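Numbering follows my numbering, with no gaps: position 46 of the sequence shown is 153.
Beta carbons are placed, not taken as given, at the ideal position from N, Cα and C, and that holds for glycine.
Note that the structure is a prediction, hence the values are computed from the model and not measured.
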Amino acid sequence: MIDGTYAIKVDVPLGRKDGTVVLRTDGSVMTAQIDAPVVGKQQMQGRVDGNTFTAEGSTRVKLMGKIQYTLTGEVTGNDLRIDIQTNKGEVTLKGVRV
């Protein structure tokens, strides 16, 4: 089960910053609420299959404009990893369930 709130750390030029990811599932539909440096506050919807999930779409990020993204993630035990590929670069978020 991937549902839960995860505390994450994001490496930015000024060091590591804290953030959160909340994952919720309803059948095969996954909703991710992300509040993190670089990414900002985002809500993404995608598909879940066991302990892995995917989402793709577009969003607006302050100072960066419109961003197309493909997100893949996995929860192993209480550990979370999300890889976000965008037209502006890549971001990896790692965290732990709280």
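CA-to-CA distance, residue j to residue i, given in whole angstroms
i, j, result
"Thr193", "Ile109", "23 Å"
"Gly196", "Pro120", "15 Å"
"Lys201", "Thr159", "14 Å"
"Lys124", "Val145", "10 Å"
"Asp166", "Gly122", "In the sequence as displayed, the identity of residue 166 is Thr instead of Asp. Taking the straight line joining both Cα atoms gives about 25 Å."
CB of residue i within 8 Å of CB of residue j, strictly
i, j, result
"Gly153", "Ala162", "yes"
"Ala114", "Val205", "yes"
"Ile174", "Gly180", "no"
"Thr138", "Gln149", "no"
Cβ distance (whole Å) where residue i is taken to contact residue j below 8 Å
i, j, result
"Leu178", "Val203", "Rounded, the Cβ-Cβ distance is 19 Å, inconsistent with contact."
"Ile141", "Val128", "5 Å"
"Val117", "Gly147", "Not really, about 11 Å apart at Cβ, beyond 8 Å."
"Gly157", "Leu130", "Between Leu130 and Gly157 the Cβ distance is about 13 Å, and since that is not below 8 Å, they are no contact."
Beta strand (DSSP E) segment containing residue i, residue limits
i, result
"Ser165", "Thr159 to Val168"
"Met108", "It is not in any beta strand (DSSP E) - Met108 carries neither H nor E in the DSSP assignment."
"Val129", "Gly122 to Asp133"
"Gly202", "Gly196 to Arg204"
Identity of the residues DSSP links to residue i by a beta bridge
i, result
"Met151", "Ala139"
"Leu178", "Ala162 and Ile191"
"Val145", "Val145 pairs with nothing; no bridge assigned."
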